[in-house]
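Undergrad: Just so you know, we're using the UniProt record's numbering here: the sequence shown kicks off at 1 and counts up by one.
Heads up, the beta-carbon is just placed ideally off N, CA and C, and yes, glycines get one too.
My questions all concern the structure below.
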Amino acid sequence: MENQDVQFVRKSVEDRRAVFERVTRGVDGTQTRDEVVAFGDGESVPYRSFIEKGVFELARPFLHSPDSNVTALDTKKLAGLCGAMLARQSRIPGTVVEVLVKEFLVTTPEEAAELGVAVGEIKTKKLEGIIERVLIQYGDDSVQELEHATVLFNSVSNLATKIIEDRRLAGFIEQSSRYVLYTERDPVTGQWLYLREKRIMGSAHGEEYVRLMDRLFQMYARLAEALTGHYKTLKPIAEATYDIRGDGTKLRLDELTDEKEIKEFNRVYKFDLKTRACDTARIVLPASTITNLAMVGNGRSFEHLLKRLYSSGNPEYADLAGRLHETLNRFIPKYVKRASPEGERHMMEPERVARQQIEREFPEFRKFERSWKEVEWVETPELISDSSEPIWHLLAASYYPHVRVPFHQIVRRFMTVRREKLVALLKEIVGERETRRDRAGRAFEHGYPCAFEIVGNFGIFRDLHRHRILTQQRQLLNPHLGFTVPKDVEDVGMKEEVLALVAKVGALYDKLEAAVGPEAAQYCVTFGHHIRFMMGFNLREAQHLCEIRSIPQGHPDYRRVVQKMHAEISRRAPWIDEIGLLCHVDHNDYPWSRAASEARQSAKRLEKGITEE
1 MENQDVQFVR KSVEDRRAVF ERVTRGVDGT QTRDEVVAFG DGESVPYRSF
51 IEKGVFELAR PFLHSPDSNV TALDTKKLAG LCGAMLARQS RIPGTVVEVL
101 VKEFLVTTPE EAAELGVAVG EIKTKKLEGI IERVLIQYGD DSVQELEHAT
151 VLFNSVSNLA TKIIEDRRLA GFIEQSSRYV LYTERDPVTG QWLYLREKRI
201 MGSAHGEEYV RLMDRLFQMY ARLAEALTGH YKTLKPIAEA TYDIRGDGTK
251 LRLDELTDEK EIKEFNRVYK FDLKTRACDT ARIVLPASTI TNLAMVGNGR
301 SFEHLLKRLY SSGNPEYADL AGRLHETLNR FIPKYVKRAS PEGERHMMEP
351 ERVARQQIER EFPEFRKFER SWKEVEWVET PELISDSSEP IWHLLAASYY
401 PHVRVPFHQI VRRFMTVRRE KLVALLKEIV GERETRRDRA GRAFEHGYPC
451 AFEIVGNFGI FRDLHRHRIL TQQRQLLNPH LGFTVPKDVE DVGMKEEVLA
501 LVAKVGALYD KLEAAVGPEA AQYCVTFGHH IRFMMGFNLR EAQHLCEIRS
551 IPQGHPDYRR VVQKMHAEIS RRAPWIDEIG LLCHVDHNDY PWSRAASEAR
601 QSAKRLEKGI TEE
């Protein structure tokens with residue numbers, strides 16, 4: 001301090017937070033003393049960020065581990081404020097703790113009287129101005145990434161969950177059709193748990209839709225019951241064995257005497273049967289089945305999600321956007337303010353243009369074309385070149401979500417078209433970018449060293465879709481690419497019933513497509529129907545995808561898909577197996593896929609003394 005002599009006398013130290021007496025001598029000889037807190041230990045970490053002790057104590061309730069130099073903000077108490085506080089830290093010499101006490105907390109009686117709140121409370125009346133100032137100074141995008149929210153989407157369709165989970169920079173957990181039986185009804189109305197989609201219900205086919213969805217759920221309930229009985233026959237409890245103790249020894253029920261072990265054995269057996277029944281019976285669940293989804297994301301993720309939902313043209317998605325916006329406005333309004341209920345031109349226009357071009361120039365792409373290979377390698381060219389190949393592939397990728405034919409068929413067609421025309425079509429899709437935020441779609445991510453087109457049931461897609469960091473594109477769900485009938489369904493004598501009902505779904509889809517369009521018609525399609533989608537990734541991502549999705553407890557269907565991916569990668573580049581890059585891809589078959597993992601959980605439960613479900 002100018003014209004002052006300051007000395008610090010350490011009074012105490014706890015972890016890396018010390019308390020000092022600060023003695024200040026003025027030029028006139030006067031002396032003042034106060035206590036301050038500083039972070040550091042004076043040895044490996046120098047002291048810095050000196051804060052008056054009384055003021056620091058005001059901040060303590062808002063911090064976890066306040067006495068450490070690695071602390072955390074209490075995001076419950078500071079909801080909606082953390083992003084602005086963290087941004088401020090980047091341009092001041094002190095820490096976020098100093099930002100908290102100097103800018104966000106009431107620290108003096110005079111300020112408390114002015115704002116009408118107690119000392120130590122948040123400056124609620126000044127928050128809007130503070131956050132607005134930070135957003136202007138630091139930029140919306142930077143601050144958006146520092147503010148998080150946990151949102152629960154309750155009772156949304158399985159179609160809605162996919163557009164929500166398309167967001168990459170967020171965490172999701174969804175109610176799983178592999179673990180939860182959808183045999184309950186609304187106890188008030190008696191309705192099965194599926195969405196009565198507005199466009200469908202407003203059409204001439206609304207009543208038929210309800211009747212058929214009801215029959216699908218009735219079939220699901222019957223299938224689940226029949227399959228559970230079938231699996232009991234295949235694996236009677238007296239013959240079942242589980243490593244219930246976690247020592248590598250599989251034991252039968254009659255070899256156990258401890259009551260807790262017997263209870264865990266019975267729990268694992270019940271779980272074993274139930275999950276296999278869920279895995280198989282879900283083929284007849286429709287995409288309209290309602291589920292619950294939780295999302296943890298930052299402000300930018302939520303703003304982008306809002307823009308996508310508002311721009312979709314889907315009534316369910318638009319309704320969810322309005323409800324999500326209202327919820328986020330309660331605690332992080334400044335971070336989602338750019339999302340407009342009118343939608344985003346740069347999101348809607350390229351898709352509209354692509355659809356128009358297809359209808360005008362390539363109507364043959366709208367005809368359903370079945371694929372005879374479940375997993376097919378997609379050749380990708382070097383994009384940064386002056387050849388025509390990049391144009392073919394990027395335009396094909398731009399069309400892909402709007403067509404009904406395989407990717408290679410689109411590319412082959414473009415080979416017969418003049419380059420100048422294709423460039424003009426691609427330029428029209430890119431459009432007039434008014435700002436840098438008007439970014440191109442995911443089609444322009446095309447070109448990864450590993451790329452596959454998959455035609456598998458919707459259940460497979462739902463599981464692999466979780467790898468959202470990869471470049472994924474999908475076509476609309478429809479009933480004309482095939483349907484999966486597991487052998488177990490045939491074994492319980494219900495194959496023909498299922499296929500007859502599936503045929504009715506196909507007929508209803510065609511009626512709905514004509515009446516309300518292919519996007520709305522998706523709601524009646526089942527998990528067992530096939531969907532065409534692409535995945536592009538590098539070798540490091542291939543390692544993660546193929547190894548984690550081939551573990552024993554994975555669903556047999558998606559395990560088969562990643563096993564085929566691995567086989568194709570190995571065939572094309574044998575050195576990848578030679579160096580052991582994908583050495584943990586499991587090609588074995590496990591009919592009782594969840595038995596071992598659930599038994600391991602039981603062993604841990606017994607070890608920890610956990611008895612509750």
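Apart from the five residues on each side of it in sequence, which residues of its chain come closer than 6 Å, Cβ to Cβ, to L152?
TA: The count along the sequence shown starts at 1 and reaches residue 152 at position 152. The residues are A294.
Undergrad: DSSP state of Q7, grouped into three classes?
TA: Locating residue 7 in the sequence shown gives position 7, where the first residue counts as 1. The answer is strand: DSSP assigns Q7 an E or B state.
Undergrad: Short of 7 Å in beta carbon distance, which residues of its chain neighbour P315, apart from the five on each side in sequence? Order them along the chain.
TA: Here residue 315 refers to the residue found at position 315 when the sequence shown is read from its first residue. Excluding sequence neighbours, P315 sits near K198, R199.
Undergrad: Our contact map puts K340 next to C278 with C-beta atoms below 8 Å; I'd like the distance itself, whole angstroms only.
TA: Start at 1 with the first residue of the sequence shown, and residue 340 comes out as number 340. Start at 1 with the first residue of the sequence shown, and residue 278 comes out as number 278. According to the sequence provided, residue 340 is Ser. The question's Lys does not apply to it. S340 to C278, Cβ: 40 Å. No contact.
Undergrad: Within the chosen definition, does the segment 257 to 267 reach the segment 599 to 607 through at least 3 CB pairs nearer than 8 Å?
TA: With the cut-off at 8 Å, the segment 257 to 267 and the segment 599 to 607 touch.
Undergrad: Looking at V55 and E35, is the spacing between their C-beta atoms short of 8 Å?
TA: Counting from one through the sequence shown, the residue named residue 35 turns up at place 35. Counting from one through the sequence shown, the residue named residue 55 turns up at place 55. Not in contact: E35 and V55 (Cβ atoms no closer than 8 Å).
Undergrad: What runs of the alpha helix (DSSP H), each 4 residues or longer, lie entirely inside the segment 251 to 306?
TA: For the segment 251 to 306, whole alpha helix (DSSP H) runs of length 4 or above, ordered along the chain, are 259 to 281.
Undergrad: Exposed or buried, which one is P93 when buried takes at least 16 other CB atoms within 10 Å?
TA: Within the sequence shown, numbered from 1, the residue matching residue 93 stands at position 93. P93 should be labelled exposed.
Undergrad: Taking the C-alpha atoms as reference points, what is the distance between F368 and H346?
TA: Within the sequence shown, the letter at position 368 stands for residue 368. Within the sequence shown, the letter at position 346 stands for residue 346. Cα to Cα, F368 sits roughly 29 Å from H346.
Undergrad: To the nearest whole angstrom, what separates the beta carbons of E145 and G299, a pair I think is in contact under 8 Å?
TA: The residue you call residue 145 lines up with position 145 of the sequence shown. The residue you call residue 299 lines up with position 299 of the sequence shown. Right, the Cβ-Cβ distance comes to about 7 Å (below 8 Å), so this counts as a contact.
Undergrad: For M213, which three-state DSSP category applies?
TA: Residue 213 sits at position 213 when you count from the first residue of the sequence shown. Here M213 sits in helix by DSSP.
Undergrad: Cα separation between Y236 and H446?
TA: Translated into positions along the sequence shown, residue 236 becomes position 236. Translated into positions along the sequence shown, residue 446 becomes position 446. Position check: residue 236 holds Pro in this sequence, whereas Tyr was assumed. Whole-angstrom Cα-Cα distance: 50 Å.
Undergrad: Taking Cβ positions, are T291 and V156 nearer each other than 8 Å?
TA: Stepping through the sequence shown from its first residue, residue 291 is reached at position 291. Stepping through the sequence shown from its first residue, residue 156 is reached at position 156. For T291 and V156, yes; Cβs fall inside 8 Å.
Undergrad: Considering only the beta carbon of each residue, do N329 and C450 sit closer than 8 Å?
TA: Indexing the sequence shown from 1 puts residue 329 at position 329. Indexing the sequence shown from 1 puts residue 450 at position 450. Contact: no.
Undergrad: Considering only the alpha carbon of each residue, which of D15, R17, T32 lies closest to D5?
TA: Your numbering for residue 5 matches position 5 in the sequence shown. Ranking D15, R17, T32 by Cα distance to D5 puts T32 first.
Undergrad: Measuring only the C-alpha atoms, how far is M1 from V37?
TA: Reading the sequence shown from its first residue, position 1 is the one you call residue 1. Reading the sequence shown from its first residue, position 37 is the one you call residue 37. Because the pLDDT at M1 is just 42, under 50, the model does not fix this residue reliably, and the point stays unresolved.
Undergrad: Write down every uninterrupted run of the beta strand (DSSP E) in the segment 25 to 94 whose length is 3 residues or greater and which is fully enclosed by it, in chain order.
TA: Correct list: 31 to 39, 48 to 52.
Undergrad: Counting only runs that start and end within the segment 320 to 388, where is the alpha helix (DSSP H) found for 4 or more residues in a row?
TA: Complete alpha helix (DSSP H) runs here, min 4: 345 to 361.
Undergrad: Taking all protein chains shown into account, do 16 or more other C-beta atoms lie within 10 angstroms of the C-beta of E490, making it buried, or fewer, making it exposed?
TA: Taking the sequence shown and counting its residues from 1, the one referred to as residue 490 is at position 490. With fewer than 16 other Cβ atoms within 10 Å, it is exposed.
Undergrad: Measuring straight from C-alpha to C-alpha, what distance separates A395 and T161?
TA: Reading the sequence shown from its first residue, position 395 is the one you call residue 395. Reading the sequence shown from its first residue, position 161 is the one you call residue 161. Note on identity: in this sequence residue 395 is Leu, with Ala being the wrong assignment. Rounded to the nearest angstrom, the two C-alpha atoms are 27 Å apart.
Undergrad: Helix, strand or coil, according to DSSP, for E497 in the structure here?
TA: As a working note, residue 497 is residue 497 in the sequence shown. In the structure shown, E497 sits in a helix (DSSP, three-state: H, G or I).
Undergrad: Cβ of V97 within 8 Å of Cβ of A59?
TA: On the sequence shown, position 97 is the one that residue 97 refers to. On the sequence shown, position 59 is the one that residue 59 refers to. Against a cut-off of 8 Å, the Cβ pair of A59 and V97 comes out as a contact.
Undergrad: Please report the straight-line C-alpha distance between L212 and V502, rounded to a whole angstrom.
TA: Your numbering for residue 212 matches position 212 in the sequence shown. Your numbering for residue 502 matches position 502 in the sequence shown. Looking at the two C-alpha atoms, the distance is approximately 10 Å.
Undergrad: Between R91, H544, K123, K487, which has its C-alpha nearest L470's C-alpha?
TA: What you label residue 470 is simply residue 470 of the sequence shown in a count that begins at 1. Comparing Cα-Cα distances from L470 to each of R91, H544, K123, K487, the minimum goes to H544.
Undergrad: Exposed or buried, what is Q563 when buried is set at 16 or more other beta-carbons lying within 10 Å of its beta-carbon?
TA: What you label residue 563 is simply residue 563 of the sequence shown in a count that begins at 1. Under this definition Q563 is a buried residue.
Undergrad: What three-state label does DSSP hand E147 in the structure shown?
TA: Translated into the one-based positions of the sequence shown, residue 147 becomes position 147. E147 falls in the coil class under three-state DSSP.
Undergrad: So C450 is in the beta strand (DSSP E); what residue range does that whole segment cover?
TA: The count along the sequence shown starts at 1 and reaches residue 450 at position 450. Here the beta strand (DSSP E) through C450 covers 450 to 457.
Undergrad: Out of curiosity, what's the CA-to-CA distance linking S142 and D74?
TA: In the sequence shown, residue 142 corresponds to position 142, counting from 1. In the sequence shown, residue 74 corresponds to position 74, counting from 1. If I take the Cα positions, the gap works out to 21 Å.
Undergrad: Looking at the secondary structure, which residues open and close the alpha helix (DSSP H) in which M565 lies?
TA: Start at 1 with the first residue of the sequence shown, and residue 565 comes out as number 565. First-last of the alpha helix (DSSP H) with M565: 556 to 572.
Undergrad: Return the Cβ separation of K123 and L135 in integer angstroms, given the expectation that the two are a contact with Cβ distance under 8 Å.
TA: Taking the sequence shown and counting its residues from 1, one reaches residue 123 at position 123. Taking the sequence shown and counting its residues from 1, one reaches residue 135 at position 135. Rounded, the Cβ-Cβ distance is 17 Å, inconsistent with contact.
Undergrad: Measure the C-alpha to C-alpha separation of E207 and Q357 and round it to an integer number of angstroms.
TA: Taking the first residue of the sequence shown as 1, we reach residue 207 at position 207. Taking the first residue of the sequence shown as 1, we reach residue 357 at position 357. The straight-line gap from Cα to Cα measures roughly 35 Å.
Undergrad: Where H325 and S312 are concerned, what is the direct C-alpha to C-alpha distance, given to the nearest angstrom?
TA: Taking the sequence shown and counting its residues from 1, one reaches residue 325 at position 325. Taking the sequence shown and counting its residues from 1, one reaches residue 312 at position 312. Rounded to the nearest angstrom, the two C-alpha atoms are 15 Å apart.
Undergrad: Within its chain, find whatever has a CB closer than 7 Å to the CB of M565; leave out the 5 residues flanking it on each side and keep chain order.
TA: On the sequence shown, residue 565 is found 565 positions in, with the first residue counted as 1. Excluding residues within five positions, the ones whose Cβ falls inside 7 Å are V375, F452, C546.
Undergrad: Is the Cβ-Cβ distance between V284 and L223 less than 8 Å?
TA: Numbered from its first residue, the sequence shown carries residue 284 at position 284. Numbered from its first residue, the sequence shown carries residue 223 at position 223. Yes. Within cutoff.
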